[in-house]
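Residue numbers (full-length UniProt numbering): 1 to 287. As structure tokens, the structure follows; a few thoughts come after it.
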């Protein structure tokens, strides 16, 4: 009986933690109704989660424990987060690319997913500071696609490698600043109305600024969990972004808020994401 009760408590706490992370916070009275348990049971569960360091108790409920603004997780750690959402975003973003374009991809697990969907787009010139993204195209060139017409030309910038396998710093900045892209696909650590686009890495922030300045159109590809996260350094405002491609997990209230600042929002996996410029806005604008 005791083991069964413990199992039920663990399941209940897992549900509570998922709700906190998904919604950004929960109230005790909401949890009591949803879980059909007493107020005291919910409070004990929140106490247990707080002791584990995964939530922070606030008056009437709990919120996620915010990571330090300078914390930068590695590529492998980020790759396991929201894989389904990233794949949907990658498919939708790939439809924005036309053959023969000069495009840029920054570092990140979502741009890495996108790279796989670009292998069959002919005659691309791809500039990237991501070692992982460059490896996608390199592996394709060595494999079955070797020697095929229309294979992408890939330019990998130099620089200092970050925990997320991006190359940043003065060498990368000079290379990027001398180029011009039709389209930039930008992965982000965090995005918000107040802070714009941000990263925990100061050098990466400057490299991303160079990317944004060199692009005719800027497309941010970010799953819903990135919204409301703020890194140490901001490198662009929402007004610098032409299109945001995100996933269906983004709440309606945030969609309305985003629409006030962006001309084009594409929600992957929902009706309207099948063609460029058919999101909630009026279509992508040129910088």
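Cβ coordinates follow ideal geometry from the N, Cα and C atoms, glycine included. Treat the numbers as computed from the prediction; the structure is a model and nothing was measured.
With contacts defined as CB atoms closer than 8 Å, residue 88 and residue 228 fail to qualify as a contacting pair. Within 10 angstroms of the beta-carbon of residue 200 lie 16 or more other beta-carbons, which makes it buried. Relative to the Cα of residue 265, the nearest Cα in the group 205, 153, 219 and 237 belongs to 219. For residue 104, the enclosing beta strand (DSSP E) covers residues 102-105. Here residue 56 carries a strand assignment [DSSP, helix/strand/coil].
Here residue 21 has 64 as same chain residues with Cβ atoms under 7 Å from its own Cβ, once five neighbours each way along the sequence are excluded.
Our two residues, residue 140 and residue 119, have alpha carbons roughly 7 Å apart in a direct line. When the Cα atoms are used, residue 114 and residue 37 turn out to be separated by approximately 43 Å. Your pair residue 179 and residue 217 does not check out as a contact, with CB atoms roughly 15 Å apart and the cut at 8 Å. Burial state of residue 51 is exposed, judged by a 10 Å Cβ sphere holding fewer than 16 other Cβ atoms.
When secondary structure is reduced to three states using DSSP, residue 247 falls in the strand class. At the C-beta level, residue 117 and residue 142 stay beyond 8 Å of one another. Bounds of the beta strand (DSSP E) holding residue 64 are 61-64. Straight-line measurement puts the Cα of residue 42 at about 43 Å from the Cα of residue 106. When the five nearest sequence neighbours on each side are left out, the beta carbons in the same chain lying within less than 6 Å of the beta carbon of residue 247 are those of 85, 88, 89, 223, 224 and 268, in order along the chain. Here residue 233 is bridged, per DSSP, to 199.
Within its own chain, the residues whose Cβ lies closer than 7 Å to the Cβ of residue 230, once the five positions on either side in sequence are excluded, are 69, 190, 192, 195 and 198, listed in chain order. A buried status is given to residue 173, since no fewer than 16 other beta-carbon atoms sit within 10 Å of its beta-carbon. Nearest Cα to residue 202 within the set 169, 35, 226 and 176: 169. For residue 32, the enclosing alpha helix (DSSP H) covers residues 28-35.
Under DSSP, residue 127 shares a beta bridge with 104 and 155. C-alpha of residue 238 to C-alpha of residue 100: approximately 28 Å in a straight line. Shown here for residue 208: same chain residues with a beta carbon closer than 8 Å to its own, the five before and five after excluded, namely 106, 186, 197, 199, 235 and 236 in chain order.
In terms of Cβ geometry, residue 132 and residue 112 form a close pair [threshold 8 Å]. Comparing C-alpha distances from residue 57 to each of 32, 39, 33 and 28 shows the shortest one belongs to 28. The Cβ neighbour count for residue 165, taken over all protein chains shown within 10 Å, is at least 16; the residue is labelled buried.
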